[in-house]
Amino acid sequence: MMGPINSNWLFQSAMSSLQQSSATNGSGAANSQMPGMAGPGSFMMLLMAAMLENVQQMQSQQMPTQQAPAANNLSFMAPASSSYNPAVANLTMQHKDVATSAADQSDLKFRPVQFLKLDGQLAGKLSGTAVHFIEAGKKYDIDPNLLSAIAVHETGNGSSRAANEKNNIAGMMGKNGLRSYETVADSIYDMARNLRQNYLNQGKESIAQIGAKYAPVGAANDPTGLNNHWTQGVSKFYTQLT
1 MMGPINSNWL
11 FQSAMSSLQQ
21 SSATNGSGAA
31 NSQMPGMAGP
41 GSFMMLLMAA
51 MLENVQQMQS
61 QQMPTQQAPA
71 ANNLSFMAPA
81 SSSYNPAVAN
91 LTMQHKDVAT
101 SAADQSDLKF
111 RPVQFLKLDG
121 QLAGKLSGTA
131 VHFIEAGKKY
141 DIDPNLLSAI
151 AVHETGNGSS
161 RAANEKNNIA
171 GMMGKNGLRS
181 YETVADSIYD
191 MARNLRQNYL
201 NQGKESIAQI
211 GAKYAPVGAA
221 NDPTGLNNHW
231 TQGVSKFYTQ
241 LT
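First residue of the sequence shown: 1, per UniProt numbering; consecutive thereafter.
As structure tokens, this is what we get:
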């Protein structure tokens, strides 16, 4: 089920939550925080920020045809609380900062995306992770749709064994095979760091160029030849998401 949320209500709720999260008593503990909103960096606050950003995008899109649209009349569709199940997870890894280098001349840098559209495309183990793709994209200056497209392809949209048993949504390898992560969010951030540091900053400018290194055809760890379909699969999902 889907229900409309008024932008004024959302804004006021976000501001109230921020005020509550910053109010502390003498021992440093929060006086009255809403469940799941431990602070400005908590999952729910990131989710609220992403939804507010979606409202701002819709307002800017309406401006050419509607002069100064009234915020009270602006609404957008959001999943009803009875059906929406976000993947609440705290990052358990330290994800180092990697700046965008001058070598990155691609069109794959961060750009705003429609939160609800992205969230609606993700299923299985990826369900409820749209906010993590967006925040990881911001941190490492990568289009969140590219991160999502790679994850959807690598996991069969959240259905793979690696995703369900190891929280590995990007096919990231370790010394002993596929890496295991404490949370899906950690896997998303690690994928974004890897793409920024070892691909985009190295001059890889397209999905095809990334794929030639990320999933090389004929690789020893790809006995069934799945890498042959990597570029086509990621490109297809990227087009669907954008």
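For every residue, glycine included, the Cβ atom is placed at its ideal position computed from N, Cα and C.
- Between residue 106 and residue 206, the gap from beta carbon to beta carbon is short of 8 Å.
- If you check the CB distance, residue 130 and residue 110 do not come in under 8 Å.
- Cβ-Cβ distances below 8 Å link residue 201 to 98, 100, 101, 103, 104 in the same chain, with the five nearest sequence neighbours on each side left out; the list follows chain order.
- Contact annotation: the segment 128-143 does not touch the segment 218-231, with fewer than three C-beta pairs closer than 8 Å.
- The C-beta separation of residue 194 from residue 172 comes to about 7 Å, placing the pair in contact by the 8 Å criterion.
- For residue 159, there is no enclosing alpha helix (DSSP H), as DSSP marks it with neither H nor E.
- In terms of Cα proximity to residue 175, the closest of 95, 118, 125, 221 is 221.
- For residue 154, the closest of 144, 141, 143, 168 by C-alpha to C-alpha distance is 168.
- Cβ-Cβ distances below 6 Å link residue 210 to 199, 204 in the same chain, with the five nearest sequence neighbours on each side left out; the list follows chain order.
- For residue 191, the enclosing alpha helix (DSSP H) starts and ends at 184-198.
- Per DSSP, reduced to three states, the secondary structure at residue 178 is strand.
- In the assembly as shown, residue 231 is a buried residue. Its beta-carbon has 16 or more other beta-carbons within 10 Å.
- At a Cβ-Cβ threshold of 8 Å, residue 162 and residue 178 count as neighbours.
- Between residue 149 and residue 238, the C-beta gap is smaller than 8 Å, which places the two residues in contact.
- Looking at 240, 217, 142, the one whose alpha-carbon comes closest to that of residue 190 is 142.
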